[in-house]
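What follows is a single structure, written as structure tokens, with notes after it.
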């Protein structure tokens, strides 16, 4: 497996100055120290203005793979968010709960729902999804992710896995509707599950190269940022884990381009 590079982006300076001398001098030094510490905190607050909810990030890298991982919510808050989503999210049924793969239609091995800004649609695996209006809890999680990452998102795909039998096959999130410069932010709530990345050149019997897959365990309350160009070169999946008996909800926040901003491919014979 690939080794992960851990980078702590939130190290704070600390001092060990000890006031000495007369009581009056000691009081003055303590007052000066307090003022200095407050100024230092103000400087740090300004530095973190772009990311108003900084968290310790773990950098995950490989050839063409660039991800950031962090625990975004405490267990208590993650428990609460999970319960609220169970009450708010309405999952697709009937034809909307099916997917097309290589011309064949299959039932999706998990529950799905799509939410986002008004008028947005998202097409993948031969199915076109219309965004439902944001729920209060989805808005809260979206805004928290934005404050943490500095990235804005206008759409979320919700996947609910009832247990370890529900799964997700290998795929890339590279649809034309997605902003290629924006990361995909994946928030996990509920049972921890294994998550695999596999390089496109190392897939299948006719693979051209030997590149080790990258394995993660996505924890309750965690955030995984899949930065460009990850989805160009790496497929990802959530395999079956029969020993997992508890449910999991995954939210993948995306930025969908409006029609006017999408790149259009020229028709044959037209330059």
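Residue numbers (UniProt numbering): 1 to 271.
By construction, the Cβ of each residue, glycine as well, lies at the ideal position given by its N, Cα and C atoms.
As the structure is a computational prediction, the values presented were derived from the model and not from experiment.
Asked: Can you tell me the Cα-Cα spacing of residue 80 and residue 255, whole angstroms?; Found: 26 Å
Asked: In three-state DSSP terms, what is residue 196?; Found: strand
Asked: Look up residue 257 in the DSSP assignment and say whether it is helix, strand or coil.; Found: coil
Asked: If we ignore side chains and look at the alpha-carbon of each, how far apart do residue 90 and residue 213 end up?; Found: 34 Å
Asked: Inspect the beta-carbon positions of residue 159 and residue 206 and report whether they are closer than 8 Å.; Found: no
Asked: Are there any heavy atoms of the ligand MN lying less than 7 Å away from the beta-carbon of residue 190, as far as the coordinates show?; Found: The ligand MN is absent from the structure shown, which contains no ligands of any kind.
Asked: Would you check if there are 3 or more beta carbon pairs closer than 8 Å linking the stretch 191-201 to the stretch 137-156?; Found: no
Asked: Distance, Cα to Cα, residue 61 vs residue 87?; Found: 37 Å
Asked: Does DSSP put residue 162 in a helix, in a strand, or in coil?; Found: coil
Asked: List the whole-angstrom C-beta distance separating residue 116 from residue 229, where the pair is believed to meet the contact cut-off of C-beta under 8 Å.; Found: Not quite, the Cβ-Cβ distance comes to about 24 Å (not below 8 Å), so this is no contact.
Asked: Assign residue 236 to buried or exposed, taking buried as 16 or more other Cβ atoms, counted over all protein chains shown, within 10 Å of its Cβ.; Found: buried
Asked: Figure out for me which residue from 234, 187, 128, 246 has the closest Cα to the Cα of residue 173.; Found: 234
Asked: Can you tell me whether residue 13 is buried or exposed? The criterion is at least 16 other CB atoms within 10 Å of its CB, across all chains shown.; Found: With a pLDDT of only 30 at residue 13, under 50, the local geometry of the prediction cannot be trusted, and no value is derived from it.
Asked: Less than 8 Å between the C-beta atoms of residue 247 and residue 161, yes or no?; Found: yes
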